[in-house]
Every structure is written in C-alpha cells, then in structure tokens.
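Undergrad: First the structure, which I've put down as structure tokens, then a few questions once you've had a look.
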Amino acid sequence: MTQANSNGSTIRASTVESEPPTIAIKSLNHVYFDYQSKKTVHALKDVELEIQPSELVTVVGPSGCGKTTLLNIIAGFIKPTEGQILVNGRPVNKPGKDRGVVFQELAILPWRTVYRNIAHGLEIQKVAKEEIERRVRRLTELTGLEGFENHYPHQLSGGMKQRVAVARTWAADPEIILMDEPFAAVDAMTRQTLQEELLSLTVRTGKTVFFITHSVEEAVFLGDRVIALSARPGRVKADITVPVSRANRSWREMSKNDALQECVEDVLELVRGEATASDRSGGAVSADRTHEA
Amino acid sequence: MTTLASTAHLPVGERIKRIVLPAVPFVLLLAVWGSAKFVFDIPRGILPDVISVFRVPFTLTDQYLAHTIASVQRLLLGFAVAAVSGLLVGLGAGLSRRFAEFIGPLSTFMNAISGIAWIPLAIAWFGIGTPMVVFIIWNSAFFLVLGNTILGVRLVPRVLEQGLFTLGASRFDVIRHVIFPGAMPHIVAGLRSGLGFGWRAVIAAELVGATVGLGQWIFIAQEFRRTDIIIAGAFTIGAIGLLTDRGILAPLERRTVERWGMAGRAT
Amino acid sequence: MKPDDVAKGRSAVGSEAGTAALHAAAVPGAVTRVARAGATLRPAAPFLIALIIWWGAWALLRPPDIILVPPNKVFSALLDLVRQGLLDAFIKVSLERLARGVLVGILIGVPVGWLLGLNEDVSRAAEPILRFFNAVSGIAWLPLMILWFGFSERTISAIIVYTMAFPVIFNTMLGVSTIPNRLPNACRTLGAGSLRIIKDVYVPGSFPSVMTGFRLGIGYGWRALIAGEFVVGGGGLGFLIFNARTQGNIAEVMGGMIVLGLLWLMIDRLILSSVEQNIIGRWGLMRT
Ligand SMILES: Nc1ncnc2c1ncn2[C@@H]1O[C@H](COP(=O)(O)OP(=O)(O)O)[C@@H](O)[C@H]1O
Ligand SMILES: [Mg+2]
C-alpha cells in the first residue's frame, strides 16, 4: 500500500506539470445504515470538488444534508462508501496531522488549561519546550486569549472556548484546516468578532481552509468560494466565487459592499429552495449556477 | 444500552452477535470449571460438579423452596416498610427546610453505620429470626430512600411549583403534580439502591442470625462441606437480586422517569 | 444499580449545612457572633436531640443492660477500650484489611473496566455475566471462601476484593465509553497515536467516573469487611461488636457502631471527597 503510494507520487511528480489541488474530492458517495430505523440514508451523492492551496472554501447547505459527513470523510474519520479524497495527490484513509479539525461541538480537553490545550498538538509532535512557548504565545496574541493561559475551559465563555479550539488547531500547524460550524453556538456579537479574527488569521497564515456553515452570510463573508449543497442526498449544487478579496473584508465593509450583498442574495436564492425541498433523491439539478469559468 | 426486545429488525449478523456474545463468558466459565475439576481432580468439598449444582433445586426441592421463600418474604416485607417510611419522612423533610436541616446530618451518619453493622444490636433486641432480619433490611434501605427523596424534592425547580400556584392549585395539588413526579428520578434511584443494599443485608443477617433463609442455608452447608448447596444458593441469591431489580424497579423507572424524558437509564 | 446516590444524598446534606453557615455570616453587627455559634452548632443539634431521646428512652423504660444502655455507659465502655489499647488495635486491623482489599480491587477493576469501555464487543459479551456476579454479593461467597481459605485473612480479603471490583469495573467502563468521540478524534488530527490518546484523553476523561466507582466500591467493601469480621473474626471492629454481643456487652456494641460510623465518614469525607473536589472540581467536571 505505502509502496504503491510512493510509486504513484513519484510518477505523478514527473508527469504532471502543475501542482495538484490541495484537496481533490472525486465522485464521492456516502450511504449510512441507520440501525434504529433499519433504513439506509444516502448522505452524499456524486460530490466532486477541488480546493487549491491557501484557498478558503465555505460550504453551506440545509441541516442534515451531509456537511459533517463530508468533513469527516476528508478528515479520515469515516471511509466513504464510494469515491476518493486526495490530499496533495495522496489518497486519504485515516486522520493525520496535515488536516486539523475544529469541531462542531467543542472538542478541547476540559482537564487541560488553555495553554496546555493549545500546546497539545506541539507536545504530541515533540516540539521543544521553548518553541512551544513561542508558538503558543503568538497564538494567544492572535486569538485574544492573553491572560487566560492558566484557566480551565469551564472557566471561559463560549466564545473564548471556541478561540481555544481554533488556536489549538492552528498551533499544530497543519496544512489544511477543516472547520465544522465552529461559531454556531456563540452569540451573534461574539460570532462577528470571531469571524473577523478568523479572516485575519487565515490571511496571515495562508492555510487551506474548508469551512462548514449553515449561514449564507457567514459563508460569503469568510469564503473565497462558496459551495452550496443540496438537501439530502447532498450534492454540489453550486460553486460560487466571492467577488471581493478576502484580505480586505470586515463586517462594516460587508453591509456597504454591493458585490458582496448581491453574492449573498444569489446564494440565499439557491439555498432557500433547498431548505424546503424534501428528501428527493435522483433528479439531477440542471439549474446549477457556476460563477466560475 | 438498547433493549433486547427489539432484535427482530436487525441485520442477521448483528442479531446473532447479540445472542452469542453474552453467552460466551457463561459457557467459558462452565467449561473451565468442569475441566478444572476433571484435570486437577478437585474434591467435592472444595468445588462441586457443575451438574450437581444445577440439580440442587430438584433434589432438595423442599429445602430449597423453604429457604428461598423465607429470604424473599423478609426482603419484600422489610423493603416495603423502608420504602413507605423513607418516602413519607423524605417528602416531609423535602417540604420543610427546618425538618430537613434537622434530619439531614443524622441520616448521613446513620447511613454511614450501614445496616450490617446493626446486626449484633438487632440480635440483642429481637433475638434470632425474621423480625431481626426485617429490621436490618429496613435499616439498610430506609436511609437511602430518605436521603434520595430529600435530595429529589430539593432539586425540583421552584418555577414549576410557582407555575402551578398561579393556576390556582392547592398545596396538595402541587405535591401531587409537581413535587412528587419531579423528585421521581431520585426517589427511584434511592429505591433501587435501597433494594440492592437490603438484599445484601438479608444475606448477611441470615448468615449469623436466622434458622431459615438462603444465607443461613449456605452457612450451614459450609459446615457439611456441601459446596453444591453453597454455589446453588449463591446463584439463587444473584438471580433474585437481578430479578427484583429488573422486575420491579427497572420497569418503574421506565414507566416514570424515562417516559417523562428525565435523566435516568435502566442499567 | 445506582448506589451512587448514597453519595448524592450526602452531598445534598453537606450543601445544606453550607447554606446555613452562609446565612449566619450575612447577619450584621453584634448578632453575628451568636448567629455564627448557632450555625456551627446547628448540625450538632440533631445529634444532641437524638442523644436526649436515647437517654430519655432508657430512663423511661429502664431496660436490662443486655438490651439498651445509656449514652454515658457507651462512652465509658469506649474509654475502657481505648485505655486497654484495644480500640486502636481493632481500628488498625480493620483499616489494613480494607486497604489491602481495596488496593487489589482497584488493580483488578480498573484495567477490566478499561478493556470493557474501549471495546464494544467485549463489553457486550462481558456485561451480563458481570451483572450477574455483582448481584451475587460478596457476602454470599463467605461460606465457600471459608471452605477454600479457612477462617483466615485471605477469606476476608477475597470478599472485599470481590465486592469492590464490580462497582469499579462498571463505573470505569461507563467513564471510558461515555467520552465523546470528538475528543479522541481531535487528538488524532493533532497527530496523536493510540497510547497518547489513552494517556491524554481516556485516563483523565474517565477519572471522575473511576472515582465514583472507588467511592461506591469502598462503601460496599466496608460492609463486606464488617460481615467478614463477624464470621471470620481475628480482630477488627466487626469482630469487636459481634463478640461484645455474645458476651451481652451492649455498651461495647454501641460504642463500636459509633466508631464504625465516624470512621466511615472520615474515609469518605477526608480521602475520597477531597480528591474529587481537588482534581475533578478543577476541571469543572464535578458530579453532584
Ligand atoms: N452515523 C450515522 N448513522 C446513520 N445516519 C447518519 C449518521 N450520521 C449522520 N447520519 C445522517 O446523515 C445525514 C447527514 O448528516 P450530517 O452530515 O451530520 O449533516 P449536516 O452536518 O449537514 O447537518 C443526516 O440525515 C443524518 O441523520
Ligand atoms: Mg453537521
């Protein structure tokens, strides 16, 4: 298996001129078997997607359409029923430290202080103590966690906990970061702050980010591209490039910028139909709107 | 844990697993026991034949039934008295802060002196036999039911009570419709552990202070090196413990606590 | 089986006393001192009243000494035991037995609980038989243990270990299996291997539950110890009170019972709950 892999990549390196996409999702299908209702659930259908280096791709779709499933497959937590995920040309079959995850529900460790949570990935990678200290300090600064290093998670507000989760993932310095509705559970004011912080963090660190949300505004505000998924079984319904560069976005700008507002309207239009659509399988969506060439 | 009752719809592999997996350790145990006896030639005074243990209820039917019935009767009697008295005092304490403050520390201390520690004094008071054993069961279970009832009543949210009062309910209505059901998860938990401790106390009390009962039977059997009776008795004790818990209290928990969607799981 | 509610009942009572003290502290001025004294006395009040009732009942009924003795006689009986050096010797014997049994019980219970918690098939296979043997209380094995080991220390150890192991196994299993998947998953994305995940996630994550198991197990083990000492003898507080009864010395019986109660409260409060408060409380995972 590893033999074949290394062979494959060397061949690819010599034959393909351009860099492979950071993430390539190929004809992905996933079917669950639900033991409770003894029915199969077709969660993802023929999903095709490519994500380029340093891109921030957001995924919107109605709840239950398979967003988390897609992320879990990319992360390597579950094996897809059909299809393949390639990361830098190599197939994914298990979790790895090249793909950091910020979970939908909080997944920081209650028995570690803020500092030790952020340092966890570095400890695991056996990074030297001084280096850990340096990197944790930088991230606590970037995420506004200074002064809370010795607090335990339960002593923090929801927004602060989410910052710890983000900082921990960044500290481990993965190439790709997968985020599953990370800000869904925080209040609206805090959420805007966190979103702006995330933007500057991604711009500064140049990570490739796969960001799931059910909020269209959030998707457009954060993304280079917005992928709209259909209701279950989830398929890529549209792939929309946001017309304003990520580097100069803020919520103040957002409300004034007509291009962004129009983009939000476009995506809303697409998603609105899906939220009411029931579980109609089959029936290819012909009205795919693709802003991209 | 999903219930075993709903196996009919599962895929075949899963269904087989559910039946086979739990049986494996039992079969293994019997096999090890049987072959150890055969290989090492262990005398009957140390370890009986597997078969002889399971024959005890059939060969010694009269004795077996007499001892079992005596123990179960004591358990049910003592537990019933403990449950009723514990609930009444507990509800009283739960409703009156003063009473709770008075009785709380005392009940904590009495709980610390477990039922078993009362056996010598109970023998002095009641002599050997049923009244003594019943007292010990009551003693073991009462303080558990009491403590949990007080706790349960205390944890019923005030707003529920106030909500009913604003609808013009009487004090009695509130107790019946809010306090009692609200405290139910803890009350049931108290009853369950009370029953568990009570049954253990029955065996201990019978061991040293009764003329009939399973505890006494296995203790006497020890003097005659009747290991078959000892193990048959011990298995019966286990089976009755499980049956009373599963048969009486787990259904009560399902009927109330789980149906109302409150915390609690029938383990 | 949820005897963890013994612990619940206890903590409720504890908080009761706590609020009483708080109320008293809030009273201003000269009243404060009186109120504070009242607050510290208040938990003692029920015991004083119980003592008065006990004494009153004795004074009224004047039962023979082999049925009931007044508190002062119990007190002097205890004093005698202390003077003879018997009380501390018996306490030592009992505590040593408990400690030995508990240690072995934990050494067996925790790894088994871990195994069951980590592997669903293993737990499905093992749970029914464990539930069954848990229901056969350790005390019920006393006769067989006597045949195997005689009236010896081993017999007592065996039933304590037996009694202790089950609650530890079940609670450890529960603690390990209820850790949400996202915690180990998150560590995996940080590059952690299985050993690392066990060390960083499962050990601390199951700790509160393991502690609950210890607490329960020690509670059960304590009762098994007393029963074992009744039957096996060889010193210890259980032996003390059982033996005193056969000699018709009710003062010693009651004195021994009070010592048993106080000793248990000390074990539970000082050792077990302080560990919970210090470690688990710091993580915000305290179970009430
Ligand atoms: N382990 C599972 N077993 C069976 N069905 C599942 C499982 N996980 C998710 N599903 C179902 O698959 C669908 C997609 O789930 P999910 O990916 O979590 O959706 P989303 O994150 O978009 O809300 C849902 O209908 C959900 O009920
Ligand atoms: Mg989701």
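Protein chains in written order, with our numbering: chain V, 193 to 485; chain B, 900 to 1166; chain R, 85 to 372.
Backbone N, C-alpha and C fix where the C-beta goes; we use that ideal spot for every residue, glycine too.
(1) Would you kindly report the start and end of the unbroken alpha helix (DSSP H) that includes Lys448 of chain V?
(2) What's the C-alpha gap between Leu346 of chain R and Ile282 of chain R?
(3) For ligand 2, I want to know if Gln453 of chain V counts as a neighbour, meaning its beta carbon is within less than 7 Å of at least one of the ligand's heavy atoms.
(4) Nearest to Leu964 of chain B by CA position, among B:Thr1135, B:Leu1151, B:Ala1149, B:Asp1144, is which residue?
(5) By the 9 Å beta-carbon criterion, what residues does the stretch 297-319 of chain V contribute toward chain R?
(6) Is there a C-beta anywhere in chain R that falls below 8 Å from the one on Arg1155 of chain B?
(7) Got a sec: which bits of the stretch 419-446 of chain V sit with their beta carbon under 7 Å from any beta carbon on chain R, in order along the chain?
(8) Sort B:Ile1147, B:Gly912, B:Leu1005 by Cα distance to Val1087 of chain B and report the nearest one.
(9) Please identify, using Cβ separations under 7 Å, the residues of the stretch 1028-1042 of chain B that lie next to chain R, in order along the chain.
(10) Quick one: complete alpha helix (DSSP H) runs, 4+ long, within the stretch 168-203 of chain R?
(11) So, are the CB atoms of Pro924 of chain B and Ala210 of chain R less than 8 Å apart?
(12) Measuring only the C-alpha atoms, how far is Ser995 of chain B from Trp348 of chain R?
(13) Which same chain residues, not among the five before or five after Lys218 of chain V, have their C-beta less than 6 Å away from its C-beta?
(14) Taking the alpha carbon of Asn318 of chain R as the reference point, which residue from R:Val359, R:Val177, R:Leu165, R:Asn269 has its own alpha carbon closest?
(15) With burial defined as no fewer than 16 other Cβ atoms inside 10 Å of the residue's Cβ, what is the status of Ile1102 of chain B: buried or exposed?
(16) Tell me whether Thr261 of chain V counts as near ligand 1, meaning its Cβ is closer than 7 Å to at least one heavy atom of that ligand.
(17) If you check the beta carbons only, do Ala423 of chain V and Val459 of chain V fall under 8 Å apart?
(18) Could you please give me the residues that DSSP links to Tyr224 of chain V through a beta bridge?
(19) Measuring only from the beta carbon, is Gln387 of chain V closer than 7 Å to any heavy atom that is part of ligand 2?
(20) Could one say the Cβ of Ser221 of chain R lies closer than 8 Å to chain B's Cβ atoms, at least one of them?
(21) Alpha carbons only, please: which of R:Arg184, R:Pro292, R:Leu274 is nearest the one belonging to Glu237 of chain R?
(22) Rounded to the nearest angstrom, what separates Ile1078 of chain B and Pro288 of chain R at their Cα positions?
(23) Determine, using beta carbons only, whether Ile244 of chain R comes closer than 8 Å to chain B.
(24) List the endpoints of the continuous beta strand (DSSP E) containing Ala420 of chain V.
(25) Please work out which residues of its chain come closer than 6 Å, Cβ to Cβ, to Trp139 of chain R, disregarding the five sequence neighbours upstream and downstream, and give them in chain order.
(26) Comparing the C-beta of Gln361 of chain R with each C-beta of chain V, is any distance below 8 Å?
(27) Listed from N- to C-terminal order along the chain, which residues in the stretch 299-322 of chain R have their beta-carbon within a distance smaller than 9 Å of any beta-carbon of chain B?
(28) Compare the beta carbon distance of Val293 of chain V and Leu414 of chain V with 8 Å and say whether it is the shorter of the two.
(29) Can you tell me where the alpha helix (DSSP H) holding Leu1045 of chain B begins and where it ends?
(30) Which of the residues in the stretch 331-346 of chain V, read from start to end, lie with their CB under 8 Å from any CB of chain R?
(31) Should Phe1123 of chain B go down as buried or exposed, given a rule of 16 or more other Cβ atoms within 10 Å for buried?
(32) Quick one: give me the first and last residue of the alpha helix (DSSP H) that Thr261 of chain V is part of.
(33) Can you tell me which of the three DSSP states Phe1123 of chain B falls into?
(34) Can you list, in chain order, the residues of its chain with a C-beta nearer than 7 Å to that of Asn1047 of chain B? Leave out the 5 residues immediately preceding and following it.
(35) Taking contact to mean at least 3 C-beta pairs separated by less than 8 Å, is the stretch 220-230 of chain R in contact with the stretch 245-253 of chain R?
(36) Judging by CA-CA distance, which residue of B:Thr958, B:Ile1074, B:Leu1094 is the nearest neighbour of Gly1051 of chain B?
TA: In this structure, then:
(1) 443-448
(2) 38 Å
(3) no
(4) The shortest Cα separation from Leu964 of chain B among B:Thr1135, B:Leu1151, B:Ala1149, B:Asp1144 belongs to B:Thr1135.
(5) Against chain R - using a Cβ distance shorter than 9 Å - the residues of the stretch 297-319 of chain V are Glu297, Leu298, Ala299, Ile300, Leu301, Pro302, Trp303, Arg304, His312, Gly313, Leu314, Glu315, Ile316, Gln317.
(6) The sequence shown places Thr at residue 1155 of chain B, not Arg. Thr1155 of chain B does not count as touching chain R.
(7) Cβ contacts with chain R come from no residue of the stretch 419-446 of chain V.
(8) Measuring from the Cα of Val1087 of chain B, the nearest candidate turns out to be B:Ile1147.
(9) Taking 7 Å as the Cβ-Cβ cut-off against chain R, none of the residues of the stretch 1028-1042 of chain B qualify.
(10) 170-202
(11) yes
(12) Taking the CA atoms as reference points, Ser995 of chain B sits about 28 Å from Trp348 of chain R.
(13) Gly275, Gln276
(14) Note that residue 318 of chain R is Gly in the sequence shown here, rather than Asn. Among R:Val359, R:Val177, R:Leu165, R:Asn269, the Cα nearest to that of Gly318 of chain R is on R:Val177.
(15) buried
(16) yes
(17) In this structure, Val459 of chain V does not lie closer than 8 Å to Ala423 of chain V by Cβ.
(18) V:Val233
(19) no
(20) yes
(21) Of the candidates R:Arg184, R:Pro292, R:Leu274, the one whose C-alpha sits nearest the C-alpha of Glu237 of chain R is R:Arg184.
(22) Straight-line Cα distance between these residues: approximately 37 Å.
(23) no
(24) 417-421
(25) Pro154, Pro155
(26) no
(27) Gly303, Tyr304, Trp306, Arg307, Ala308, Ile310, Ala311, Phe314, Val315, Leu321, Gly322
(28) no
(29) 1029-1053
(30) Tyr344, Pro345, His346
(31) exposed
(32) 259-267
(33) Assignment of Phe1123 of chain B by DSSP, reduced to helix, strand and coil, places it in the coil class.
(34) His1085, Ile1086, Ala1088, Gly1089
(35) Yes, since at least three Cβ pairs between the stretch 220-230 of chain R and the stretch 245-253 of chain R fall closer than 8 Å, the two stretches touch.
(36) Among B:Thr958, B:Ile1074, B:Leu1094, the Cα nearest to that of Gly1051 of chain B is on B:Ile1074.
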